[in-house]
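Undergrad: With UniProt numbering as the guide, the letters of the sequence shown map in order to residues 1 to 213. C-beta atoms are modelled at their ideal positions from N, C-alpha and C, and glycine is treated no differently. Source: prediction; values computed, not measured.
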Amino acid sequence: MSATVEQILKWMDDYAVLIRRHAADLTELDRLIGDADHGANMQRGMEAVLKLEGKEFHDASTLLKRVGMTLVSSVGGSSGPLYGTFFIRMAAAFAAESEDQKLISAETFGKGLHAGVEGIAARGKAEAGDKTMLDAWYPALAAYDKALAEGKGFHDSLEAAVLAAEQGAEDTIPMVAHKGRASYLGERSAGVKDPGAASSALLLRAAFDTFTQ
Ligand code: ADP
Ligand code: MG
Ligand code: MG
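Printed below as a string of structure tokens:
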């Protein structure tokens, strides 16, 4: 098993732990502006992903593709296909990188993040400010790119991305939703953090924990 496969499995492990810890909070946010299942959806998905542990994967890209497909098939809500697309696109971006790569570099990870987020946008057709997970992802990408451009390493760049994603999730609170179930509420969707933005910030938090140890 290559180091990258181990790293990705560790990332999924860390994310599953965070999702378990925050499942009730995520579901509560979704109770307020959706259908009260986001925490449960993500938990079901990540428990299924954890079952991939122990299976043999040739490389990180193959594993990430399986992660994405597992989320698509095990998560009932709209977040399943969105997160699924994220990982499948990230897998494709990693596959395009050098094959003998043993550890994921900051640049490669950045390419994966960009590809994944483009996948979410293509699939969900949401824009910045629509009060979706993209409102965590876009500021995170901008912060990550800026940090890398300033010559910062993986640790500092991921830290900048996490902080921007968490701030981005907070910034969804006053927004009125234009996509997903929360949009059915119209103006009444304002005043609550978007659950998918919150779970996306957790995915980056898990990446920070995994890749910068
Ligand atoms: P469902 O809404 O089907 O019950 P979840 O509750 O698991 O699914 O996920 C809801 C989250 O999915 C929202 O908080 C939002 O972040 C995200 N979401 C929904 N629709 C879209 C979309 N079109 N584009 C991006 N993200 C979306
Ligand atoms: Mg829901
Ligand atoms: Mg639902």
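If you compare alpha carbons, which of ARG89, SER189 and ALA143 is closest to LYS131?
TA: Within the sequence shown, the letter at position 131 stands for residue 131. Taking only the C-alpha atoms, the option nearest LYS131 is SER189.
Undergrad: What residue does the alpha helix (DSSP H) around LEU52 start on, and which one ends it?
TA: In the sequence shown, the residue the question calls residue 52 occupies position 52. No alpha helix (DSSP H) holds LEU52; DSSP gives it neither H nor E.
Undergrad: Using CA atoms only, rank isn't needed, just tell me which of MET42, GLY186, TYR15 and VAL5 is closest to LEU26.
TA: Position 26 of the sequence shown, counted from the start, is the residue given in the question as residue 26. Among MET42, GLY186, TYR15 and VAL5, the Cα nearest to that of LEU26 belongs to MET42.
Undergrad: Any chance the CB of ASP37 is under 7 Å from a heavy atom of ligand 5?
TA: Looking for ligand 5 in the displayed structure turns up nothing; the ligands present are ligand 1, ligand 2 and ligand 3.
Undergrad: Tell me whether PRO174 sits in a helix, a strand or coil according to DSSP, three-state version.
TA: As a working note, residue 174 is residue 174 in the sequence shown. Three-state result, PRO174: coil.
Undergrad: Under the three-state reduction of DSSP, which class applies to ASP30: helix, strand or coil?
TA: Within the sequence shown, the letter at position 30 stands for residue 30. Helix at ASP30.
Undergrad: LEU141 lies in the alpha helix (DSSP H); which residues open and close that run?
TA: Position 141 of the sequence shown, counted from the start, is the residue given in the question as residue 141. From DSSP, the alpha helix (DSSP H) with LEU141 extends over 134 to 149.
Undergrad: Can you name the start and end residues of the alpha helix (DSSP H) that ARG181 belongs to?
TA: Residue 181 sits at position 181 when you count from the first residue of the sequence shown. No alpha helix (DSSP H) contains ARG181, which DSSP labels as neither H nor E.
Undergrad: Looking at the structure shown, is GLN7 part of a helix, part of a strand, or coil, going by DSSP?
TA: Taking the sequence shown and counting its residues from 1, the one referred to as residue 7 is at position 7. Three-state DSSP puts GLN7 in a helix.
Undergrad: Could you spell out where the alpha helix (DSSP H) holding ILE104 opens and where it closes?
TA: Your numbering for residue 104 matches position 104 in the sequence shown. Unbroken run through ILE104: none, as it is neither H nor E.
Undergrad: What I want to know is whether the C-beta of ASP25 ends up closer than 7 Å to one or more non-hydrogen atoms of ligand 2.
TA: Your numbering for residue 25 matches position 25 in the sequence shown. No, Cβ of ASP25 sits at least 7 Å from all heavy atoms of ligand 2.
Undergrad: When you compare the CB positions of GLN167 and PRO139, do they come within less than 8 Å of one another, or not?
TA: The residue you call residue 167 lines up with position 167 of the sequence shown. The residue you call residue 139 lines up with position 139 of the sequence shown. Yes. Within cutoff.
Undergrad: Check whether the Cβ atoms of PHE109 and PHE208 sit closer than 8 Å, and answer yes or no.
TA: By 1-based counting over the sequence shown, the position of residue 109 is 109. By 1-based counting over the sequence shown, the position of residue 208 is 208. Not a contact, by the Cβ cut-off of 8 Å.
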